[in-house]
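Colleague: Got a structure for you, questions after.
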Amino acid sequence: MLILPSGKAIAAITDSTEPQLSSALTGLSGEEWLERMAVAMQRQSYRGVFVYSRGDTSSSLKVIHRYKDGEDREKLVQLDGEMGEIVRAGDEVVCVLPGNRLVSLEQSIPSGPFAGAFARTLMPKKEHYQINVQGEDRIAGHHAVKISVMAKDSYRYNYILWLEKESGLLLKSALTNADGQVLEQFHYTSLELADDITDAELEPNKDGEVFTHESLPSIQGSGDWPAKMEWRIDWLPDGFMSVNKGVAGQGVSSGNVQVFTDGLASFSVFIEQPSDGNMPEGVSVVGATVAYAHKLTWKDHDYMVTVVGEVPVVTAMKVAEKVLPNTH
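Numbered according to UniProt numbering, the sequence shown spans residues 1 to 328.
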């Protein structure tokens, strides 16, 4: 019952149009909802604005995603501070930085939790996560199903996910540590599921000077002995798999950069020759993202291993300390 300023009482407005899950969806398990999310991340077309927060920083971005003729294309536009864009067409990823520098990225490098490149090939398993349906909610005007994904060991974080009821699209996520502290959040503030996205909407902003091209990550110096080696990692948390065999490029062998994921969490391993340009040894943590640099020695050769990703510090340290030349 609502009371108007005049004192007149009226019946409370109810949402009689709330969509009901079909009988086929009502009984879905947490794992089945994650499988639907993986499909929706690639095949659902949409426009939206979302906020991404980690640590004490947050930013707003606009996203346009289209699936057409078997290919998914996506454009991300930074809405805070200087203009920046990320444009992806299939496996080609391009980042437009302030000043209109155009940077080509390897698709295998993680762009954040639940990156579509991973979701299409690998999903988290119940051996490593307890996955449960927690109920229903409403996010950015859309009805959502809430899923908890709780780590069974100390080598990965926990996730709470809100998936759009009808499509399975991810509407909101919260990444937490073992103490329940939220380290990273993502949520839409507006979202339109749309099938009318044009090619023009997905084109990068080309104002200004001609673009220059660079490659990331940059490991320079083909004469550096690490670039001539193949590398192995003697310890990985159970469930993590390689999604590339390195990043090819000038001065970069197939083993200098390796990327691993368990379907949710991901991290990259970089092997370089020590130099003044390296990240200092030790740990840096921003929100859920850790960077751990560790110097090792093999047959009088020093090399620097840096692990970067959305995993606990203990995971990054154990991985970095077990990177060795593959001499077998």
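Here a beta-carbon is modelled for each residue, glycine too, at the ideal position from N, C-alpha and C.
Please classify Thr-261: is it buried, with 16 or more other beta-carbons within 10 angstroms of its beta-carbon, or exposed?
Modeller: The residue is buried, with at least 16 neighbouring Cβ atoms inside 10 Å.
Colleague: What is the DSSP secondary structure of Val-259, reduced to helix, strand or coil?
Modeller: Note: Val-259 maps to strand in three-state DSSP.
Colleague: Report back the beta-carbon spacing between Val-319 and Val-257 to the nearest angstrom; my notes put them in contact at under 8 angstroms.
Modeller: Contact doesn't hold; Cβ gap of about 14 angstroms is too wide.
Colleague: Under a three-way DSSP split, which group does Gly-30 fall into?
Modeller: DSSP places Gly-30 in helix when its eight states are reduced to three.
Colleague: On the DSSP letters alone, give me the boundaries of the alpha helix (DSSP H) that Lys-318 sits inside.
Modeller: Start and end: 313-320.
Colleague: Which residues does DSSP list as the beta-bridge partners of Ala-38?
Modeller: BP columns for Ala-38 are empty, so no partner.
Colleague: Between the Cα of Val-96 and those of Ser-58, Gly-90, Leu-76, spot the shortest distance and give me the residue it belongs to.
Modeller: It is Leu-76.
Colleague: What span of residues does the beta strand (DSSP E) with His-187 cover, start to end?
Modeller: Per DSSP, His-187 belongs to the beta strand (DSSP E) from 182-193.
Colleague: Can you name the start and end residues of the beta strand (DSSP E) that Glu-166 belongs to?
Modeller: Careful: Glu-166 lies outside any beta strand (DSSP E) and carries neither H nor E.
Colleague: What's the C-alpha gap between Thr-189 and Val-290?
Modeller: Taking the straight line joining both Cα atoms gives about 27 angstroms.
Colleague: When the distance is taken between beta carbons, is Gln-181 closer than 7 angstroms to Met-150?
Modeller: Not in contact: Met-150 and Gln-181 (Cβ atoms no closer than 7 angstroms).
Colleague: Report back the beta-carbon spacing between Trp-33 and Val-133 to the nearest angstrom; my notes put them in contact at under 8 angstroms.
Modeller: 7 angstroms between Cβ atoms; contact.
Colleague: Tell me the DSSP secondary structure of Arg-54 in three-state form.
Modeller: Correct three-state label for Arg-54: strand.
Colleague: Would you call the CB atoms of Gly-48 and Leu-191 closer than 7 angstroms?
Modeller: Contact: yes.
Colleague: Can you tell me which of the three DSSP states Arg-88 falls into?
Modeller: Arg-88 falls in the strand class under three-state DSSP.
Colleague: If you run the structure through DSSP and keep just helix, strand and coil, what is Glu-201?
Modeller: Three-state DSSP puts Glu-201 in a helix.
Colleague: Does DSSP put Arg-66 in a helix, a strand or coil?
Modeller: In this structure, Arg-66 counts as strand in the three-state DSSP scheme.
Colleague: Return the residue from the list Ala-265, Met-229, Ser-45, Glu-230 that minimises the CA-CA distance to Val-243.
Modeller: Taking only the C-alpha atoms, the option nearest Val-243 is Ala-265.
Colleague: Where does Phe-118 land, buried or exposed, given buried means 16+ other C-beta within 10 angstroms?
Modeller: Because the pLDDT of Phe-118 is 38, which lies under 50, any placement of that residue in the model is unreliable, and the question is left without a value.
Colleague: Identify every residue that forms a DSSP beta bridge with Pro-325.
Modeller: Paired residues: Trp-231.
Colleague: Sorted by chain position, which residues of the same chain lie with C-beta nearer than 8 angstroms to Asp-195's C-beta, five sequence neighbours on each side aside?
Modeller: Taken in chain order, the residues that qualify are Ser-45.
Colleague: Could you give the C-beta distance for Tyr-303 and Ile-271, rounded to a whole number, given that I count them as a contact under 8 angstroms?
Modeller: Between Ile-271 and Tyr-303 the Cβ distance is about 6 angstroms, and since that is below 8 angstroms, they are a contact.
Colleague: Considering Cα atoms alone, identify which of Gly-27, Lys-126, Val-259, Leu-171 is closest to Ala-316.
Modeller: Closest by alpha carbon: Val-259.
Colleague: Going by DSSP in three states, Arg-156 sits in which element: helix, strand or coil?
Modeller: It is coil, neither helix nor strand.
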